[in-house]
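Here the structure is laid out as structure tokens; the discussion comes afterwards.
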Amino acid sequence: MRTERRMANRTTESRAFAERVGVVMGLTARLNALAFDDLEQRRELLTQIFGASVPDSLTVLPPFYCDHGLGASFGDRVFINQGCYFLDLGGITLGDRVLIGPRVTLTTAGHPVELDERYDFITHAPIVVEDDVWVGAGATITPGVTIGRGSVIGAGTVVARDVQPMSVVTGTSIVKRRRLRPVPPPVPGAQSSPGP
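Going by our numbering, the final residue of the sequence shown carries number 210, and the count climbs one at a time with no gaps.
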């Protein structure tokens, strides 16, 4: 697991992030509205979304959703199937020959679990998917995870910790980690914290 960072809401950094999200949401909407065989325009929009040219061997099948774009990088012969979500503020690195199944979510961002901090910060940590990994349909990869070379992530799996190279992991489980600190209920009429 990689170290989590925090971005405070209502700061110059969070406002720049929110502005970039708006730009990328518009670009992904255009990408998803293209004719399927318009490969040239698809590549141009992916270059704008990711802020740099993408490898010629990268395949991204629409619909595709991304919120930031500038945090993603791709190795050679990466394949991303339909309906995938990349929340890449913390950075997403996909190695060579990575296969991403349909409806996979890679999310590098979240919020603190403590209620009194939840609305004031965005937390983020990078995701690294090493060479020759296959991520099955509907899997979710959470912030800070590294998936080792050659591994297979089964369909529907939630990956919340590092996966050793050449491993096959499957399933989901609910594990009670701890109890949250109690917080007094909000005072009627009090102002709540706005977002970024």
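Beta carbons are placed, not taken as given, at the ideal position from N, Cα and C, and that holds for glycine.
Assuming residue 24 is part of the alpha helix (DSSP H), what are its boundary residues?
No alpha helix (DSSP H) contains residue 24, which DSSP labels as neither H nor E.
Going by CA-CA distance only, name the one from 167, 171, 41, 130 that's closest to residue 200.
130
Run through the stretch 100-134 for me and flag every whole beta strand (DSSP E) of 3 or more residues, listed as ranges in chain order.
106-108, 119-121
Our contact map puts residue 114 next to residue 93 with C-beta atoms below 8 Å; I'd like the distance itself, whole angstroms only.
7 Å
Identify whether residue 166 lies in helix, strand or coil by the three-state DSSP scheme.
strand
Residue 138 to residue 104 span [Cα, whole Å]
5 Å
What three-state label does DSSP hand residue 153 in the structure shown?
coil
Candidates 133, 39, 132, 182, of which the one nearest residue 153 by Cα:
182
6 Å CB neighbourhood of residue 99 in its chain, flanking five on each side removed:
79, 119
Would you kindly work out how many angstroms separate the C-alpha atoms of residue 164 and residue 60, rounded to a whole number?
26 Å
Using the rule of at least 16 other Cβ atoms within 10 Å of the residue's Cβ for burial, across every protein chain shown, is residue 122 buried or exposed?
buried
Check the DSSP bridge columns for residue 87 and list the partner residues they point to.
107
Quick one: what does DSSP say residue 183 is sitting in, helix, strand or coil?
strand
Per the DSSP calculation, residue 64 is bridged to which residue(s)?
Its beta-bridge partners do not exist; DSSP assigns none.
Does residue 50 come out as helix, strand or coil in the three-state DSSP assignment?
coil
Per DSSP, what kind of secondary structure is residue 37 in: helix, strand or coil?
helix
Going by beta carbon distance, what residues of the same chain come within less than 6 Å of residue 156, once the five residues before and after it are set aside?
174
Less than 9 Å separating the beta-carbons of residue 158 and residue 136?
no
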